[in-house]
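Note that the protein sequences, when read in sequence, are chains A and B. So in this note's numbering, spot 32 of the first sequence is number 32, and the numbers just go up one at a time. Just add 1000 to the spot in the second sequence (first one is 1) and you have this note's numbering. Glycine included, each C-beta is placed from N, C-alpha and C at the ideal position. Bear in mind that the values here come from a model prediction, so they are computed numbers and not experimental data.
2 protein chains.
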Amino acid sequence: MPSITAEPGIELKSKLFRGFSDGSRLSILKILVEGDTTVGEIVEQTGLSQPNVSSHLRCLSECGLALSRRDGRHIYYRASDPRVHKIIQLAEELLADSAKGIYECTRYE
Amino acid sequence: MPSITAEPGIELKSKLFRGFSDGSRLSILKILVEGDTTVGEIVEQTGLSQPNVSSHLRCLSECGLALSRRDGRHIYYRASDPRVHKIIQLAEELLADSAKGIYECTRYE
DNA sequence: TGTTTATATAAATATATAATTATATATTAT
DNA sequence: ATAATATATAATTATATATTTATATAAACA
Chain A
1 MPSITAEPGI
11 ELKSKLFRGF
21 SDGSRLSILK
31 ILVEGDTTVG
41 EIVEQTGLSQ
51 PNVSSHLRCL
61 SECGLALSRR
71 DGRHIYYRAS
81 DPRVHKIIQL
91 AEELLADSAK
101 GIYECTRYE
Chain B
1001 MPSITAEPGI
1011 ELKSKLFRGF
1021 SDGSRLSILK
1031 ILVEGDTTVG
1041 EIVEQTGLSQ
1051 PNVSSHLRCL
1061 SECGLALSRR
1071 DGRHIYYRAS
1081 DPRVHKIIQL
1091 AEELLADSAK
1101 GIYECTRYE
């Protein structure tokens, strides 16, 4: 990523946003901000395959957006910080105001 | 994207976050939230190639995160909404805190 | 009008990532 | 110890996307 004045940590920040930038992960995050949830419940609620959910959860954990704890054979996941919820809410507000423009967005380069 | 209870608009929201989810775009956004900037200035400040910047600007515009206006042969871009800045700030805070948490961690349990 | 400057687009390539299928690990119960 | 349940990992495939190089458009100016 060639960049002259690239602020240090910019890659880290963009990685953080990747947690939110996929439909499956965002659905999962929206469940996690409501509270502790097992992988199985997430699988049920999203309709995604179990390995797929597991893979996304790993990504979210590594990015610092989710935390987990084991209880018996279940593993409970939750959002790591209330700001995860705030970020989603801000985006939803922003989107509500400019939804029309984004409808036509099909490219991401 | 197989999803049972996928909230309507979830794909749209995740698309919005894609604007932030790439290092080059995030660098550009951080410039845009400071105010009107020409493409040339962005190219200079980021060190990215002109076509690359142009391409990212198009994405940001289509996603509703940036607006533009032409003035002579220059085109000025800016963030579309103050919430763009807020979202970035929240993410930075979140990262700073989780980094701090790791830094301050002296116990290994 | 022709040239220079500023920005956008197109084509090609390389890389990243999401989802699937199959399998492994960890915990509890029998 | 074995089976059942819950979750994670690996390998594969398919698709998305970032970047480069080359070219096109649009405005200002000589």
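Between Ser1098/B and the set Cys59/A, Ser80/A, Glu93/A and Ile88/A, the nearest pair of CA atoms involves Ser80/A. For the stretch 18–41 of chain A, residues whose beta-carbon sits nearer than 9 Å to a beta-carbon of chain B comprise Arg18, Gly19, Phe20, Ser21, Asp22, Gly23, Ser24, Arg25, Leu26, Ser27 and Lys30. Its chain contains Ser1024 as the residues whose beta carbon lies nearer than 7 Å to that of Leu1048/B, once the 5 sequence neighbours on both sides are disregarded; these appear in chain order.
The C-alpha of Phe17/A is placed about 22 Å away from the C-alpha of Val39/A. In the three-state scheme derived from DSSP, where H, G and I count as helix and E and B as strand, Arg1058/B is classed as helix. Under the three-state reduction of DSSP output, Leu1065/B falls in the coil class, being neither helix nor strand.
Excluding the 5 residues flanking it on each side, Glu1034/B has no same chain C-beta neighbour closer than 7 Å. Taking C-alpha positions only, Lys86/A is separated from Ile1088/B by approximately 11 Å.
Arg1083, Val1084, Lys1086, Ile1087, Ile1088, Leu1090, Ala1091, Glu1092, Glu1093, Leu1094, Leu1095, Asp1097 and Ser1098: these are the residues of the stretch 1083–1098 of chain B whose beta carbon lies less than 8 Å from some beta carbon of chain A, given in chain order. For Arg1018/B, the enclosing alpha helix (DSSP H) covers residues Ile1010 to Arg1018. Cβ-Cβ separation between Ile1075/B and Val1053/B: approximately 11 Å, too far for a contact (criterion under 8 Å). The residue from Asp1036/B, Glu1041/B, Leu1095/B and Ser1061/B with its alpha-carbon nearest to that of Glu62/A is Leu1095/B. The straight-line gap separating the alpha-carbon atoms of Gly72/A and Gln45/A is approximately 21 Å.
Using a 10 angstroms sphere on the CB of Arg69/A, the tally of other CB atoms stays under 16, which defines it as exposed.
It is roughly 15 Å from the alpha-carbon of Leu26/A to the alpha-carbon of Leu67/A.
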